[in-house]
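A.B. asks:
Chains as they are written, first to last, in the numbering used here: chain A, 1 to 224; chain B, 1 to 337.
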């Protein structure tokens, strides 16, 4: 294990472009996961029995699809989704293409996290809102999302960090990114300098995200 | 007015079906405070939750403000709920909203214009005595203050009915008293009908006009609080009354008694001491007070005294007849040893 500093300097342009690719992929996937996963998570929760929009059929269908997507190993999903990727973004390689599979993996993951964050809410608070005469939309917006806000932010942190892990596999479809660099150079070519520097970057990235996520989750929480 | 007709609520559990509420019919008059008492599991909580359909009854109907709630579609039911306030044992405020926002939430549900919301929320907070806490989150409030926010929220849309689900059970005695006073004031000043459930008999004694006692999903006794305190019929009712007005006499004292022990109950205007002293003068009987008190229920005195009577058997019998002839209730507890 030796670290060659000049070799590292040589690779700075590659590392920085890989870094940008990682940020690009996880940003797109996170946005898609929030846009689609959040409503699915809310649906999973409010259609459950005993709640204000109980719908067992929808609940079980949705639950089944979510579980199915979550049970497929990411590397298989990546390959299986090639036709979809082609249809959606017109290419099957590169970071944009990889973002499709990453999003598909992140949506059910985030949806389940949202659902479990919503389960933490005291049902009495929801009942009180129903008793008040609030509309379902008001309950979703001003009770569910607000009360679970802190938990959902923690869920975003968790999703983001998982996405960084998954994005390392995006190299399989030429997605690029820091993880890909670590695998190609560090793992296949025994290039310790690249291995150490990329892993270090990933460690710092994850730490920063976790710290920021925890901080925001704490600041917005008014329970204390 | 609230009319509950043949209401039943059946729960399906692993061990078969359970009758949470079993064919209950009750009428709550407009402007009264009606208390429903029972131990936990008696079905009182299910019953009150059926009144605003938080729980849908298995059968029966609930008529509030002249409409059968069980027949309403969801949007109509939502609008009907705007006029039925509810407060809870554990308050159930939105923890991420300030006091102001919690109350404003109710008004938003009623689509009150934003400009009017501020004025109304401030008026409500003033009424419950929390004006200076308007920008604080519930976590910084005491239990009593949280319940006041709950009350302000429940009253926001000028409901005709306020349902109280064990509203004071999580509060200490002093706070309970202040919340009960607030409820009493709301009932009087705003003429809001209040239905409350509780396992604390002193709550009923303090503020209710009429009451019902529930056991195993059924109403076993119903009437004015005063009458029930003066003349309880069911064993459970007596038990509940004993929890607030107890006349237990120590065993040692009982053993030392030679004459019959009687319980004398004076209702309302009848001057108790007068009747007793007349009796003792008229007949050759000695009275020995063992226990007693005068309770005020709805500002009407209810005197209950336990005494030992000593003297000739016939004299005692005559004395008892005399007391009864003066519209005073006498009950012989022990026939003397």
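Positions of the beta carbon are idealized from the N, C-alpha and C atoms, including for glycine.
1. Return helix, strand or coil for residue 104 (chain B), following the three-state DSSP convention.
2. Rounded to the nearest angstrom, what separates residue 34 (chain A) and residue 194 (chain A) at their Cα positions?
3. Could you list which residues in chain B have their beta carbon closer than 8 Å to that of residue 48 (chain A), in chain order?
4. Measure the alpha-carbon distance for residue 210 (chain A) versus residue 196 (chain A) and round it to whole angstroms.
5. Quick one: what's got a C-beta closer than 6 Å to residue 69 (chain A)'s C-beta in the same chain, skipping five residues either side?
6. Is the Cβ-Cβ distance between residue 215 (chain B) and residue 236 (chain B) less than 9 Å?
7. Quick one: is residue 86 (chain B) buried, meaning 16 or more other Cβ sit within 10 Å of its Cβ, or exposed?
8. Taking Cβ positions, are residue 220 (chain B) and residue 31 (chain B) nearer each other than 9 Å?
9. Determine contact between the region 50 to 59 of chain A and the region 6 to 16 of chain B, defined as no fewer than three beta-carbon pairs at a distance below 8 Å.
10. Within 10 angstroms of its Cβ, does residue 183 (chain B) collect 16 or more other Cβ (buried), or is it exposed?
11. Output needed for residue 133 (chain B): all residues of its chain with C-beta closer than 6 Å, excluding positions within five of it in sequence on either side, in chain order.
12. Please list, in chain order, the chain A residues whose beta carbon lies closer than 7 Å to that of residue 52 (chain B).
13. I'd like to know whether the C-beta atoms of residue 180 (chain A) and residue 18 (chain A) end up nearer to each other than 9 Å.
14. Going by DSSP in three states, residue 25 (chain B) sits in which element: helix, strand or coil?
15. Run through the DSSP bridge pairs and tell me what residue 195 (chain B) is partnered with.
16. Quick one: is residue 119 (chain B) buried, meaning 16 or more other Cβ sit within 10 Å of its Cβ, or exposed?
17. Helix, strand or coil for residue 123 (chain B) per DSSP?
18. Would residue 203 (chain A) be called buried (16 or more neighbouring beta carbons within 10 Å of its own) or exposed?
19. Could you tell me the distance, in whole angstroms, from the CA atom of residue 308 (chain B) to the CA atom of residue 290 (chain B)?
20. Do residue 104 (chain B) and residue 84 (chain B) have their beta-carbon atoms positioned less than 9 Å apart in this structure?
21. Does the Cβ of residue 341 (chain B) have 16 or more other Cβ atoms within 10 Å, making it buried, or fewer, making it exposed?
22. Might you give, ordered along the chain, the residues of its own chain that have their beta carbon closer than 8 Å to the beta carbon of residue 334 (chain B), omitting 5 neighbours on each side?
23. Once you ignore the five residues that flank residue 57 (chain B) on each side, which residues in its own chain have a CB closer than 6 Å to its CB?
24. In chain order, what residues of the region 68 to 93 of chain B put their CB closer than 7 Å to some CB of chain A?
25. Let me see if you follow: with CB-CB separation under 9 Å, is residue 150 (chain B) close to chain A or not?
26. How would you call residue 205 (chain B), buried or exposed, if buried means at least 16 neighbouring beta carbons within 10 angstroms?
27. Just tell me which of B:90, B:211, B:43, B:26 has its CA closest to the CA of residue 35 (chain B).
28. Within 8 Å, do at least three Cβ pairs link the region 36 to 48 of chain B to the region 67 to 75 of chain B?
29. Quick one: using the 10 Å Cβ neighbour count with 16 as the cut-off for buried, is residue 153 (chain B) buried or exposed?
30. Alpha carbon to alpha carbon, how far is residue 106 (chain A) from residue 15 (chain A)?
31. What residue from A:95, A:101, A:148 has the CA that sits closest to residue 25 (chain A)'s CA?
32. Looking at chain B, is there any beta carbon in it that lies within less than 9 Å of the beta carbon of residue 191 (chain A)?
33. Residue 321 (chain B) to residue 328 (chain B), Cα distance in whole Å?
34. Counting only Cβ-Cβ distances shorter than 9 Å, please list the residues of the region 94 to 110 of chain B near chain A, keeping chain order.
35. Looking at the unbroken beta strand (DSSP E) that takes in residue 212 (chain B), where does it start and where does it end?
36. For residue 199 (chain A), I'd like the list of residues in its chain whose CB is within less than 8 Å of its CB, leaving aside the five on either flank, ordered along the chain.
C.D. replies: For this structure:
1. It is helical.
2. Computed Cα separation, rounded: 33 Å.
3. Here the premise fails: no neighbours, minimum Cβ distance about 17 Å.
4. 21 Å
5. 108
6. yes
7. buried
8. no
9. Flag = no, the region 50 to 59 of chain A and the region 6 to 16 of chain B do not touch.
10. buried
11. 99
12. 131
13. yes
14. strand
15. B:34, B:163
16. exposed
17. helix
18. Answer is exposed; the Cβ neighbour count stays below 16.
19. 7 Å
20. no
21. This structure cannot speak to residue 341 (chain B), because chain B is shown only from 1 to 337.
22. 254, 257, 260, 261
23. 7, 9, 50
24. Closer than 7 Å at the C-beta level to chain A, one finds these residues of the region 68 to 93 of chain B: 78, 79, 81, 82, 86, 88, 90, 92.
25. yes
26. buried
27. B:211
28. no
29. buried
30. 25 Å
31. A:95
32. Not one beta carbon of chain B lies nearer than 9 Å to the beta carbon of residue 191 (chain A).
33. 10 Å
34. 94, 95, 96, 97, 98, 101, 105, 106, 108, 109, 110
35. 210 to 215
36. 182, 186
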